[in-house]
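One structure is given below, encoded as structure tokens.
In the numbering used here, the protein residues as written are 1224 to 1754.
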């Protein structure tokens, strides 16, 4: 009978425990909103998420950031209780939080968190930093993550992160590097967050910040005043860790390793402690369970992929159609004297069809992939001496012949790809504006397709086969994808539809919804008085 490691036994107990959001004591008033009004808020949230595409696990925090920005920056609300109340109510209407289940005291608890950050905002308003204009955005990111962590605690995920981190510290051999132990361990932790739970820089910033400020959740006003002058330097320290060269190279190693640990979580998080112990003590049963979990995950991935594809297609179609009618039609009428329908229709239809075409080429892993996962999961659980050798990759030195040659090749790839596209658009009689919009959305769709492929490959542990066809595809598409990534990151800053929704439509709409909810509550109260 195989013996599991002490670390695996600890994870077994953590994942088998019933740690959940604390129960509401009896007799405590609960937050109850009108269901009809809540449906309006939920409907709006769906539309808003379609316009501003985010990956599924980031949607909630994106909504939270938007709500806080509207309350604090746009409406300049200073009362943390009022900000908290609006936030909780809107999250209930959007169905991120349950209705008629949360205690009213949660508003005050969230307000305490918000008050800390309002104090920071006030400090930087009085002492604006000269060399860092992004400090307010950084602080807002911290606030978003802390509130999200408070409202939606995930104890099992935290346990898995700690378990994976401990296993990776033991397993990775850094004999070929000169980085100190503390930095190596921190970079492993960052790589675990990036790959195991798909954390973005916003969440990683917050996680490292908590390592520096271990008392952050209970910090006193006096301690806060002492910390404020050092926040800027702390931000720079954290950014140095995030941009450390070791981190990017560890990502490739952790990308595959994270699959094994996520499968371990799925194996032992659904049954009781004794049932899980019995499962892990029998290798044959464990193999069957891993196969079952992998097949279920492949099926879930396919479903998740389909949902993401539909959201991307809707996002592209809506945004592209709006651009066509607001920009292309007036441009054709004013500068050409007539509407060029062929490029216009291609611009509206082509990109959603391209997205659908990319989706058809995406494949889900199979049995060979599952067999590798079974072997590696057993090694981790039973402690069968896994050793992962970290091999540092030499980066091209700026100005060297290798640097010049490879960058020249990449520049040639860039010119070849976009020259071919521009030539084809010219042959199809695209004008300057319609051609620019076509290329703009082509790069976005290519990047979204790349991200969707990553979703499909999130449980893939078999290395990609390199051949001539793959090389040629990469040669022509890599520049397009990189431009799409750049535009995707910066598009929200220039997406006028988002500004219209957030500041022209959303603010009065949410005010109307809040007023309607209070009016219905008033009418209900009067009816109760009569009865």
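Glycine included, C-beta positions come from ideal geometry on N, C-alpha and C.
All values reported here derive from a predicted model rather than from experimental measurement.
| query | How big is the Cα-Cα spacing for residue 1477 and residue 1703? | reply | 27 Å
| query | Where do the N-terminal and C-terminal ends of the alpha helix (DSSP H) with residue 1551 fall, by residue? | reply | Counting along the chain, residue 1551 falls outside any alpha helix (DSSP H), and DSSP gives it neither H nor E.
| Length of the line joining the Cα atoms of residue 1565 and residue 1669 | 22 Å
| Which listed residue (1328, 1447, 1406 and 1530) has its alpha carbon closest to that of residue 1346 | 1447
| field | Alpha-carbon spacing of residue 1198 relative to residue 1574, whole angstroms | value | Because the chain in this structure spans residues 1224 to 1754, residue 1198 falls outside the shown range and cannot be described.
| query | Who are the Cβ neighbours of residue 1292 in its own chain at under 6 Å, not counting the five residues just before and after it? | reply | none
| field | Cβ neighbour criterion (16 or more within 10 Å) applied to residue 1486 | value | buried
| Sequence-distant residues of its chain with Cβ nearer than 8 Å to residue 1367 (five each side left out) | 1284, 1287, 1288, 1291 and 1425
| Contact set for residue 1326: own chain, Cβ-Cβ below 8 Å, skip 5 residues either direction | 1247, 1248, 1251, 1252, 1253 and 1254
| At what residues does the alpha helix (DSSP H) containing residue 1362 begin and finish? | 1358-1374
| Going by Cα to Cα distance, which pick from 1505, 1623 and 1659 is closest to residue 1601? | 1505
| query | Can the beta-carbon of residue 1595 be found less than 8 Å from the beta-carbon of residue 1684? | reply | yes
| Can you tell which of 1647, 1435 and 1638 has the C-alpha that lies nearest to the C-alpha of residue 1701? | 1638
| said: Can you tell me whether residue 1343 is helix, strand or coil according to DSSP? | reply: helix
| field | Through-space distance from residue 1373 to residue 1453, alpha-carbon basis | value | 25 Å
| said: Tell me the DSSP secondary structure of residue 1326 in three-state form. | reply: strand
| query | CB residue 1184 to CB residue 1343, shorter than 8 Å? | reply | This structure does not reach residue 1184, given that the chain is present from 1224 up to 1754, and the question cannot be answered.
| message | Let's see if you can read the secondary structure: which residues bound the alpha helix (DSSP H) around residue 1629? | response | 1624-1650
| field | Sufficient close CB pairs (3 or more, under 8 Å) joining the stretch 1409-1429 to the stretch 1295-1315 | value | no
| message | Going by DSSP in three states, residue 1235 sits in which element: helix, strand or coil? | response | helix
| task | Pull up the distance between the alpha-carbon of residue 1541 and that of residue 1655, whole angstroms please. | result | 22 Å
| request: Would you check if the distance between the CB atom of residue 1167 and the CB atom of residue 1524 is smaller than 8 Å? | output: The structure shown does not extend to residue 1167, since the chain is modelled only from 1224 through 1754, so no value can be given for it.
| alpha helix (DSSP H) segment containing residue 1312, residue limits | 1303-1316
| request: Identify which residue in 1239, 1282 and 1359 has its Cα closest to the Cα of residue 1295. | output: 1359
| So residue 1231 and residue 1604 are in contact, right, with Cβ under 8 Å, and what is the actual spacing, rounded? | 5 Å
| message | Along the chain, where does the alpha helix (DSSP H) containing residue 1654 start, and where does it finish? | response | Unbroken run through residue 1654: none, as it is neither H nor E.
| query | When the Cα atoms are used, what is the spatial distance from residue 1304 to residue 1552? | reply | 48 Å
| query | Comparing alpha-carbon positions, which option in 1479, 1513, 1371 and 1386 lies nearest residue 1229? | reply | 1386
| When the Cα atoms are used, what is the spatial distance from residue 1633 to residue 1625? | 12 Å
| field | Which residues DSSP lists as bridging residue 1611, in chain order | value | 1395
| message | Considering Cα atoms alone, identify which of 1628, 1515, 1691 and 1664 is closest to residue 1644. | response | 1664
| message | Taking the alpha-carbon of residue 1455 as reference, which of 1320, 1508 and 1356 has the nearest alpha-carbon? | response | 1356
| message | With a threshold of 8 Å between beta carbons, is residue 1690 in contact with chain D? | response | Absence of chain D from the displayed structure is noted, only one protein chain being present.
| field | Spatial distance of residue 1237 from residue 1482 (CA atoms) | value | 19 Å
| said: Do residue 1461 and residue 1431 have their beta-carbon atoms positioned less than 8 Å apart in this structure? | reply: yes
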